[in-house]
Structure formats: C-alpha cells, structure tokens
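Chemist:
In my numbering, the protein residues as written are 177 to 818.
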C-alpha cells in the first residue's frame, strides 16, 4: 500500500506530479495524478489501444467528475481542472483526505464535513474496459451524487477542439455510445451536450507541446446513496452490451494483482512485479509484446530485448517470454530485428536490438532448459551472424578485425539515437563499445547453445576468439604504469573506435556492458574507478560531468530535450549493468546502489521507474514516468543479488 495525505493531495505542486497507471493488458490504460488533475494530454480514465497495435491509442473518457448535492441544495464539486489562463476550477483536490495505491489500484477519499466519498477503479485485463465505483463511506443521511462524463475521441498524441464537430453521443440503454467507438453505462444517465473549453495540460506546456484542448460533457449519471451504498459506472471499447459490474471488475483486478505478487519478497519487490506486468501486453496475432513506456511509447524491439530478462525470466513468465521470442524471430530481415511500429511502419533501424535478441534467447534457454526453443531459433540466429559477416543495412557489418562497425548519414543506430530534425545528436558511427560487447556476448551465447544441442560450435568459437582479441587490443584507453608495481591500472574504455573522427574517449556508461554481460569481453577484469563518476541515485549519467557537451537538465521543448537526451541525462535502466559491474568488483554493499531507485518508486510514476532524470541534482525525473527497461533492470538485479 502507498498512501498520501492532505499535504500531498491538496498541493498541486506535489500531488499533480505523482502519477498513477492502471493498464488493461492491450496497451490501453487509465492514468492520472494523485490529486486528480489532468496534467498531460495522455491522461484519462479510458485510453484505448487498437487490437494488436499497442502504439495506436485513442483518448475516450477523459474524466468522470463527482458532484455532491447537499440537503441545502448547494453543489460541491470534487474534481479538479486547470484551464488556459491559469485558473484551477473546480478545486476538489483541496477536499482530498487521502490517496492510496492498494494492490496496484488507486483509491481516493474526499471529505466534505461529515460526508466521506471514496473512488476506486480498475481495468479488465485483456480488454479496454473500465470499472469505476464511487461509494459513500459515511454521511448523516442520503447523499445525491452526480458523475459528469467528459469525453472526446482523438489520437492520444493530439487534441480536439470546439472548432470541429462535437463528439456524437447516442443515448443507449443505461448510458450512451460515443462516436460509435465506446460505451458508457451507469444509473440514470442524462444527456448534457456542452463544450468545456480550454482544458490545460501543464506538463505538455512544459514540454513545448500544445497544451490546450476542449472536452465534451456528454451527460451525467445520478444516484441517491445511503451511507455504504455505491454508484457503479463502466466504460469500454465498442458498442456491444458488455457490462460486467464495476465492483466486480475491481475485485477481479485486485485478486489478479495479489496473485502476481504472492511470492514477492517485500513491498518494493511487489511494486516492481506489478510495474513489470503493465508493460507485457497482447501484440499482433495475440503474441505477447512489450510496451516500452507509458503514456506515449509503443513497442520497440530494442527496449523489449533489453527488458527481456527482467520482465520474463526474473518474474517466471516463461511461457509468455517463449512466445514473444518466437514472434520477434519472425520479424528478422537481412539479419536485423524490426525495431518499432510506433510510426505505423516496420523499421529495421537499430544496430543493437538484434544483438540483445541473441542475449535474450541464450538467457531464456540457459535459465529454463528449453532446448526445443533453442533448436527452433538457432537457424535464425545463425542467419543473424551470417548477415553481419556479409554486411547489412546502414553499413552494419563485421569488419576485418571481427568487430562490428556501423553508421550512415543522418541516422543514429545505437540506443543513443536522439535526433533534432534530421541531425543525430550522438551518431556514434564506427565501432561502439556496447555494440561490440553485445556482439561478443552474442557469439559466446551462440557457442553455448550449439554445444548444448551437440552441434559443432567451432566456427562460432573462431569468430568469438577473433573479436575478443580485437576488443582487448582496440578499446582500452592505455593507462600509465603504476609507479610502485609496474602494473597497468584498470582504465575506462573508448566509447567508439574507428569513427570518422578517430577514437572517442568520452566517459559514458555504454562500456559497462563489457563488464556486466555474462560473456562480456571485460567480464572478470578489474573495473576502473572512473566509472563511479557516472553514478547518481537514479542510475548512471549518459555522459560524465565535465565532458564536452554535458547537459545537466533534461527540459524544454522537443529540440532542447532531444539534444540533452544522451548528453548527461540519467537513464535508470543502466543501473542494471552498473550494479552487475559493481558486484564484479565487490560482492558486498550492492544494496545501497538501489536505495535511490527504491525511494523513486513513490516519487513520480507511483510504483514504477521513470525513463530518465536530470543529470544534475536533485535528479528530477523526466521522460515517461513508467518505463519498461527501467523497471526490468531494477527487478532483475534486485532479484539476482537478493
């Protein structure tokens, strides 16, 4: 249980910066803030994903605003909205007594004198279907409660205004059908039909994006409730009569979440398991897939494969993981894994996603003993190696020294892939250190799989030996001899070698993979102390303080944020490799490395881990508040090291 009281809920500078998420298992969700204020264009009680396309989302039910009518006839509004111009009205957050996250589900309590109203909500797992319950916890007598439905129907990334046609609302049974796309159902529905103009999303303004839209008040549900009684409302995709009972939806969701966390070691472990579950969704052809981050990312193969061990192996979700690996293997083309369909197009534009795929398959087979999967996928994995040896897209190929080189004008192929316009910020053309660590790790993993199945691993072993020798020769930044012993001290590695401007010695966290991967080229070697300069409570910075181009604050409009994305911004997912590297140096005191992350679980995306944070203290969280690989890596190392 996570609990916030009046001093957080009633202060929008605190309560409106803590967000909750309830996923539906398809890529859709309900999402908002502890205080109830919609601060993002993506916030809403019903956000629907297209079947099999988790990245294609529409905002449907933006809000359901409670209004109490007192015996005197006075109306007390419990909702909170911000409007263009800065007005906050109504200001129901001032009446919030408590917010709780219980079993992963949000619960609010408002107090108006002797009257206490509670709200709970949940989604049906596997379908875009919301159940929301308002209950009178205490009151001196009957309470008249109205719930005003503010709706729209638009792409989750956009906005809709009164300059266009109003959403079409048809009264239907115990509710309404909106735009022929989704249903609302509850007691005593009365149509209203009115624009609420100028709804303001303050975080979109901060991000340099359009922050204003108009919402349509479709109507309201009404009930007179005795103390202990409740009003149940549902909203779901489609126009069928699929009412399930809002309280029943909540009860089933609570039981499911309790089952998921039954074996959790502690509260933090339970939170991470529920956070992990949010990202595992039904993808194309009902195969499992991974949403990279909420609320705006879809499925990205790089994020999926980087997250694989934490999301599927650390949790024991082996069957789902197996089907995901099989589905992704089917996307291989010329030795490259398809990266993302967020744009509506299949793209093969990453040098590292495929190498993470090799790692994921080896970890799965080694961890589960699934030799059948190894036999099924080995031909495809052999094809990946063959394609890299002959060369594939964007100049990706194994060079004469056995290392992977890559690069083409206007693209950034590593995970540091931010661009401003058509200009990559960190193109890293040449031979990036983590790409070659992944390549060596992947070759070693393939050798293990071949030996496991009784096949000849000799050709792979020869490639591996050549790549290892070249890595050892090319990447270390030559240190001075230690004056007392005549032995070279451990030193950092080049970030990129053989680039268009020579070798790049910038101190970045990418080299951590050379030590952290199970078959990494630096595994077992001394770890340079300089790497500790990258560390913050939320993970390593993407560039060390003092390096040319270091940017300590990840803020501003899209161009400013993208320019800072990999120039000092903290990436929590890299805390996984950092902890692994730390354990390689010392088996003790690993726990303090995760202390900042564990506190962060309840600071921003409640119960989850953010995509990024400022490089400068106090390391304000940025990017997506709920990010798959951030959660996955924290869960992986926390469960691995105890």
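No residue lacks a Cβ here, since even glycine has one placed at the ideal position from N, Cα and C. None of the values given here were measured: they were computed from a predicted structure.
(1) Check residue 725 in the structure and name its three-state DSSP category.
(2) Please report the residue range of the alpha helix (DSSP H) in which residue 540 lies.
(3) Reducing DSSP to helix, strand and coil, say where residue 750 ends up.
(4) According to the Cβ coordinates, are residue 829 and residue 437 closer than 8 angstroms?
(5) Excluding five sequence neighbours on each side, which residues of the same chain lie with their C-beta closer than 7 angstroms to the C-beta of residue 450?
(6) Can you tell me whether residue 659 is buried or exposed? The criterion is at least 16 other CB atoms within 10 Å of its CB, across all chains shown.
(7) According to DSSP, which residues form a beta bridge with residue 470?
(8) What is the rounded straight-line gap between the Cα of residue 351 and the Cα of residue 422?
(9) Anyone know if the C-beta pair for residue 595 and residue 588 falls short of 8 angstroms?
(10) Using 8 angstroms as the Cβ pair cut-off and three pairs as the minimum, do the stretch 615-624 and the stretch 673-686 touch?
(11) How is the beta strand (DSSP E) around residue 348 delimited, first residue to last?
(12) Could you check if residue 599 is buried or exposed, using at least 16 other CB atoms within 10 Å of its CB as the buried criterion?
(13) So is residue 812 in contact with chain D if we call contact Cβ pairs under 8 angstroms?
(14) What do you reckon, are the CB atoms on residue 305 and residue 412 nearer than 8 angstroms?
(15) For residue 316, count the other beta carbons within 10 Å of its own beta carbon; 16 or more makes it buried, fewer makes it exposed. Which is it?
(16) Grouping DSSP H, G and I as helix and E and B as strand, with all else coil, what is residue 400?
(17) Which word fits residue 812, buried or exposed, when buried means at least 16 other C-beta atoms lie within 10 angstroms of its C-beta?
(18) Hey, could you find the ends of the alpha helix (DSSP H) residue 427 is sitting in?
(19) Cutting at 7 angstroms between CB atoms, please list the residues of its own chain near residue 668, excluding the five before and the five after it.
(20) Do you know offhand how far residue 729's Cα is from residue 721's?
(21) Check whether the stretch 272-288 touches the stretch 215-223, taking contact to mean three or more Cβ pairs, one atom from each stretch, closer than 8 angstroms.
(22) How many Å lie between residue 489 and residue 266 at the Cα?
(23) I need the straight-line Cα distance from residue 523 to residue 571, nearest angstrom please.
(24) Excluding the 5 residues preceding and the 5 following residue 780 in the sequence, name in chain order all residues of the same chain whose CB lies nearer than 8 angstroms to its CB.
(25) Heavy atom of the ligand PLP less than 7 angstroms from the Cβ of residue 329, yes or no?
(26) Answer yes if the stretch 231-249 comes into contact with the stretch 493-507, meaning at least three C-beta pairs across the two stretches below 8 angstroms, and no otherwise.
(27) If contact is defined by three or more beta carbon pairs under 8 angstroms, each pair taking one atom from either stretch, is the stretch 444-458 in contact with the stretch 200-210?
(28) Per DSSP, what kind of secondary structure is residue 241 in: helix, strand or coil?
(29) Specify, as a first and last residue, the run of the beta strand (DSSP E) that residue 282 falls within.
(30) Which residue wins for smallest C-alpha separation from residue 252, given the options 258, 260, 215 and 291?
(31) Taking the CB atoms as reference points, tell me whether residue 329 and residue 234 lie closer together than 8 angstroms.
(32) With a 10 Å radius around its C-beta and 16 neighbouring C-beta atoms as the bar for buried, classify residue 565 as buried or exposed.
(33) As an exercise, report each continuous alpha helix (DSSP H) stretch of at least 4 residues that is fully enclosed by the stretch 660-705, in chain order.
Modeler: Quick answer:
(1) Taking the chain shown and counting its residues from 1, the one referred to as residue 725 is at position 549. If DSSP states are grouped into helix, strand and coil, residue 725 belongs with coil.
(2) Reading the chain shown from its first residue, position 364 is the one you call residue 540. Start and end: 529-544.
(3) By 1-based counting over the chain shown, the position of residue 750 is 574. Under the three-state reduction of DSSP, residue 750 is assigned to helix.
(4) Any question about residue 829 goes unanswered here, given that the chain covers just 177 to 818.
(5) Locating residue 450 in the chain shown gives position 274, counting from the first residue. Hits under 7 angstroms: 280, 433, 436, 437 and 783.
(6) Taking the chain shown and counting its residues from 1, the one referred to as residue 659 is at position 483. Annotation note: pLDDT 49 at residue 659 (below 50); position unreliable, coordinate value reported separately. It is exposed - the Cβ of residue 659 has fewer than 16 other Cβ atoms within 10 Å.
(7) For the purposes of this step, residue 470 is taken as the residue at position 294 of the chain shown. Looking at the DSSP assignment, residue 470 forms a beta bridge with 802.
(8) Here residue 351 corresponds to residue number 175 of the chain shown, with the count starting at 1. Here residue 422 corresponds to residue number 246 of the chain shown, with the count starting at 1. Computed Cα separation, rounded: 14 angstroms.
(9) Within the chain shown, the letter at position 419 stands for residue 595. Within the chain shown, the letter at position 412 stands for residue 588. By the CB criterion at 8 angstroms, residue 595 and residue 588 fall inside the cutoff.
(10) Result no; under three Cβ-Cβ pairs closer than 8 angstroms.
(11) As a first step, residue 348 must be located in the chain shown, where it is residue number 172. First-last of the beta strand (DSSP E) with residue 348: 345-348.
(12) Here residue 599 refers to the residue found at position 423 of the chain shown. So residue 599 counts as exposed.
(13) Protein chains in the displayed structure number just one, and chain D is not present.
(14) By one-based count along the chain shown, residue 305 stands at place 129. By one-based count along the chain shown, residue 412 stands at place 236. Yes, the Cβ-Cβ distance between residue 305 and residue 412 is below 8 angstroms.
(15) The residue labelled residue 316 in the question sits at position 140 within the chain shown. Taking every protein chain shown into account, the CB of residue 316 has fewer than 16 other CB atoms within 10 angstroms, so this residue is exposed.
(16) In the chain shown, residue 400 corresponds to position 224, counting from 1. In the structure shown, residue 400 sits in a strand (DSSP, three-state: E or B).
(17) For the purposes of this step, residue 812 is taken as residue 636 along the chain shown, with counting starting at 1. That one is buried.
(18) What you label residue 427 is simply residue 251 of the chain shown in a count that begins at 1. Here the alpha helix (DSSP H) through residue 427 covers 422-436.
(19) For the purposes of this step, residue 668 is taken as residue 492 along the chain shown, with counting starting at 1. Within the same chain, and ignoring the five residues on either side of residue 668 in sequence, the residues whose Cβ sits closer than 7 angstroms to its Cβ are 653, 683, 687, 704, 706 and 707.
(20) Reading the chain shown from its first residue, position 553 is the one you call residue 729. Reading the chain shown from its first residue, position 545 is the one you call residue 721. The C-alpha of residue 721 is placed about 12 angstroms away from the C-alpha of residue 729.
(21) These segments do not touch.
(22) The residue given as residue 489 occupies position 313 in the chain shown. The residue given as residue 266 occupies position 90 in the chain shown. Those two C-alpha atoms are separated by around 46 angstroms.
(23) As a first step, residue 523 must be located in the chain shown, where it is residue number 347. As a first step, residue 571 must be located in the chain shown, where it is residue number 395. Cα-Cα distance, rounded: 16 angstroms.
(24) The residue you call residue 780 lines up with position 604 of the chain shown. 193, 194, 195, 786, 797 and 801, listed in sequence order.
(25) As far as ligands go, the structure on display features none, and thus does not contain the ligand PLP.
(26) Counting C-beta pairs with one atom in each stretch, the stretch 493-507 and the stretch 231-249 have fewer than three that are closer than 8 angstroms, which means they do not touch.
(27) The stretch 200-210 is in contact with the stretch 444-458.
(28) Walking along the chain shown from the start, residue 241 turns up at place 65. Strand, per DSSP.
(29) Position 106 of the chain shown holds residue 282. Looking at the DSSP string, the run of the beta strand (DSSP E) that includes residue 282 is 281-288.
(30) Indexing the chain shown from 1 puts residue 252 at position 76. Taking the Cα of residue 252 as reference, the smallest distance to any Cα among 258, 260, 215 and 291 is reached at 291.
(31) Residue numbering aside, residue 329 sits at position 153 when the chain shown is read from its first letter. Residue numbering aside, residue 234 sits at position 58 when the chain shown is read from its first letter. Result yes, Cβ atoms of residue 329 and residue 234 sit closer than 8 angstroms.
(32) As a first step, residue 565 must be located in the chain shown, where it is residue number 389. By the 16-neighbour rule on beta-carbons within 10 angstroms, residue 565 is exposed.
(33) Taken in chain order, the complete alpha helix (DSSP H) segments of 4 residues or longer contained in the stretch 660-705 are 688-692.
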